[in-house]
């Protein structure tokens, strides 16, 4: 039976697009083995990406997130994509490991119309650099975060992936974010930092590094402390701490005639209902996403 809301819900509200799977890091937990996976040799060309963006713009999406890989390896292309999407009213965000997020690049993205940027901060210095598999990168991420807070109006988000050796850093990272915000040019209460945590996905390189998986006790400690921060009034108004399962919506709405709220598109054009599930339902090289 046709969905009676077809004329209204003609498209997902959100699209996550891997603009590349190339990467300048080899993080131990990377769920899609960025920098080493099979998609890299078959990525959409610049022209194909721009054509895809025109299709997305025609659907007036609420949000388009540029994911990866390391998105800033194709920053010029990403800026062109944003310029296509913004006139349609789409909110545009990007995720990055921060290594290439120098002031000039951040300003270029902001000028193109980027609304928000997410940096990965997986613990304090030792833990972050251990998980990211490279020393010396922690200060670069912190400097990029400071620049975003002080010199732009971009919404800042932080992604923290728990592991067996960084769970203990949660409260330290939270305190760090509070301190960075207080010392910034932002007005407390008028804006905030999204501090996002989710379970470690046992895919890609994470599957090859079972020693980094948190124990059940560590997960319980983490969730307990997240709840304590959020529910006891200890949470600073400038920090919004969120804990969630990225495939939760697939479980919640599995028995309804509900049009998918979000969809992911890989760098080779494959359309999937979740970046974390190997279920390909089409490819934008064959037909437009609006057709699907």
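In our numbering, the protein residues as written are 159 to 450.
Backbone N, C-alpha and C fix where the C-beta goes; we use that ideal spot for every residue, glycine too.
- DSSP places residue 209 within a helical segment (H, G or I) once states are collapsed to three.
- Residue 447 counts as buried, since no fewer than 16 other beta carbons sit within 10 angstroms of its beta carbon.
- Linking residue 331 to residue 243 through their CA atoms gives a straight-line distance of about 34 angstroms.
- As computed with DSSP, residue 352 is found in a beta bridge with 315, 398.
- Assignment of beta-bridge partners to residue 224 by DSSP yields 175, 252.
- Here DSSP, grouped into helix, strand and coil, assigns residue 423 to strand.
- C-alpha of residue 182 to C-alpha of residue 193: approximately 7 angstroms in a straight line.
- In this structure, the alpha-carbon of residue 364 lies about 16 angstroms from that of residue 278.
- For residue 278, the enclosing beta strand (DSSP E) begins and ends at 274-278.
- With three or more CB-CB distances shorter than 8 angstroms, the segment 208-222 counts as touching the segment 231-246.
- In the DSSP assignment, residue 440 falls outside any alpha helix (DSSP H) and lies within the beta strand (DSSP E) extending over 438-441.
- When the beta-carbon positions are compared, residue 355 and residue 318 come within less than 7 angstroms of each other.
- In the three-state reduction of the DSSP assignment, residue 429 falls in the strand class.
- Taken in chain order, the complete alpha helix (DSSP H) segments of 4 residues or longer contained in the segment 288-345 are 296-309, 328-340.
- Note on residue 389: under 16 other CB atoms within 10 angstroms of its CB, so exposed under the neighbour-count rule.
- Segment contact: the segment 248-260 against the segment 223-234, three or more CB-CB distances shorter than 8 angstroms; contact assigned.
- Here the alpha carbons of residue 324 and residue 338 stand approximately 20 angstroms from one another.
- Cα atoms of residue 185 and residue 201: separation of roughly 21 angstroms, rounded to the nearest angstrom.
- Nearest in C-alpha terms to residue 384, of all of 333, 276, 425, is 333.
- Between residue 435 and residue 189, the beta carbon gap of about 11 angstroms keeps them out of contact (Cβ cut-off 8 angstroms).
- Counting only the Cα atoms, residue 312 lies some 33 angstroms from residue 376.
- In this structure, residue 170 and residue 419 form a Cβ contact; the two beta carbons are roughly 6 angstroms apart against a cut-off of 8 angstroms.
- For residue 285, the secondary structure class from DSSP, reduced to helix, strand or coil, is helix.
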